[in-house]
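Residue numbers (our numbering), protein chains in the order written: chain A, 4 to 122; chain B, 4 to 122. Think of the CB as a built atom: it goes at the ideal place given N, C-alpha and C, for glycine as much as any other residue. Structure, as structure tokens:
2 protein chains.
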Amino acid sequence: MDKILRQALLYDFYGELLTEHQKSIYEDFVLNDYSLSEIGEDRKISRQGVYDIIKRCDKLLNGYEEKLHLVQKFLMAKEQVAKIHELASEILKAEGAPDEATEYLRQIENISNGILEEM
Amino acid sequence: MDKILRQALLYDFYGELLTEHQKSIYEDFVLNDYSLSEIGEDRKISRQGVYDIIKRCDKLLNGYEEKLHLVQKFLMAKEQVAKIHELASEILKAEGAPDEATEYLRQIENISNGILEEM
């Protein structure tokens with residue numbers, strides 16, 4: 004997985020366990036795509052200082068994932084729900100699905116879609 | 004939700020963030036159903052001491068949930084996957100499902116069942 008995407012995912016799951024200061028800097032770097040220098044200028048800290056804080060956040064977030072594995076679990080569940088969504092859509096696309104099943108299949112499509120949007 | 008069930012769920016999600024000592028005592032109380040006195044005897048700590056550790060663990064685990072809401076998210080997703088499983092089973096039970104759909108529906112049943120077992 005792309006490093007920034009992984010950082011964003013870890014932040015999405017465990018970010019609330021960081022301090023406000025850490026969150027603000029990590030967000031600017033990972034989500035808002037600012038450079039170390041830009042982040043440092045705004046806050047009057049050195050580029051190296053910003054770098055150290057981001058490394059520290061990476062370490063904390065990865066530590067939570069190593070202990071809890073919740074990102075991994077969510078990604079696996081998400082993949083499986085996507086498969087369900089795909090299967091339901093395939094059946095609906097095929098001819099000959101009986102009317103009583105169609106309504107249920109649309110519900111399966113909607114529910115799986117809802118889960119994917121929340122995740 | 005039943006208090007012990009909630010404690011067990013919170014422990015299942017965030018237990019790895021407790022110390023080994025806290026985990027061992029919390030497990031004996033919540034999962035193994037030992038009394039405060041029994042837990043204290045084994046470890047040569049007072050009943051009150053055990054009680055304080057359990058309260059401390061409750062507070063930590065609830066604090067993680069207040070920040071991360073992962074138990075809540077998982078429970079909601081689980082409920083929705085259970086609904087998908089039920090719908091797929093209903094269609095399969097009904098007469099007239101065409102053969103090409105049956106295979107896909109069985110896959111939906113299996114995948115949703117797999118997700119529920121993992122969660």
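(1) Any heavy atom of the ligand GDP closer than 7 Å to the CB of S38(B)?
(2) Using C-beta distances below 7 Å, list every residue in its chain close to G52(B), excluding the 5 sequence neighbours before and after it, in chain order.
(3) Is it true that the CB of L108(A) sits closer than 8 Å to the CB of L95(A)?
(4) So the candidates are Y54(A), C60(A), K76(A); which of them puts its Cα closest to the Cα of I118(B)?
(5) Give a yes or no on contact between the stretch 19–31 of chain B and the stretch 54–64 of chain B, applying the rule of three or more CB pairs nearer than 8 Å.
(6) Report yes if the CB atom of S92(A) is closer than 8 Å to the CB atom of E112(A), and no otherwise.
(7) Step through the CB atoms of chain A and report whether any lies within less than 8 Å of the CB of L20(B).
(8) For a cutoff of 8 Å on Cβ pairs, would you count Q83(B) as touching chain A?
(9) I'd like to check one pair, L73(B) with L73(A): are the Cβ atoms closer than 8 Å?
(10) Is any beta-carbon of chain A found at less than 8 Å from that of S115(B)?
(11) Could you compute how far the alpha carbon of L71(B) sits from the alpha carbon of A104(B)?
(12) Is it buried or exposed for I28(B), if we count other Cβ within 10 angstroms and need 16 for buried?
(13) Is the CB of L78(B) under 8 Å away from at least one CB in chain A?
If we stick to the structure as given:
(1) The ligand GDP is not part of this structure, which contains no ligands at all.
(2) Counting from 1 along the second sequence, the entry for residue 52(B) is found at position 49. Answer for G52(B): G43, listed in chain order.
(3) Working through the first sequence from its first residue, we reach residue 95(A) at position 92. Working through the first sequence from its first residue, we reach residue 108(A) at position 105. A distance below 8 Å separates the beta carbons of L95(A) and L108(A).
(4) If you number the second sequence from 1, residue 118(B) lands on position 115. When C-alpha distances from I118(B) are compared across Y54(A), C60(A), K76(A), the shortest belongs to K76(A).
(5) The stretch 19–31 of chain B vs the stretch 54–64 of chain B: in contact.
(6) For the purposes of this step, residue 92(A) is taken as the residue at position 89 of the first sequence. For the purposes of this step, residue 112(A) is taken as the residue at position 109 of the first sequence. When the beta-carbon positions are compared, S92(A) and E112(A) come within less than 8 Å of each other.
(7) Sequence index remark: in the second sequence, residue 20(B) carries index 17 (1-based). Under the 8 Å criterion on CB atoms, L20(B) is classed as interfacial with respect to chain A.
(8) Here residue 83(B) is taken as the residue at index 80 of the second sequence, counted from 1. Against chain A, the CB of Q83(B) has a partner CB under 8 Å away; the residue lies at that interface.
(9) Against the first sequence, residue 73(A) aligns to sequence position 70. Against the second sequence, residue 73(B) aligns to sequence position 70. Contact flag set, yes.
(10) Taking the first residue of the second sequence as 1, we reach residue 115(B) at position 112. Interface residue, yes.
(11) Counted from its first residue, the second sequence places residue 71(B) at position 68. Counted from its first residue, the second sequence places residue 104(B) at position 101. Each residue's alpha carbon lies about 39 Å from the other.
(12) Residue mapping note: residue 28(B) aligns to position 25 of the second sequence, counting from 1. Buried.
(13) Reading the second sequence from its first residue, position 75 is the one you call residue 78(B). False, the Cβ-Cβ gap to chain A never drops below 8 Å.
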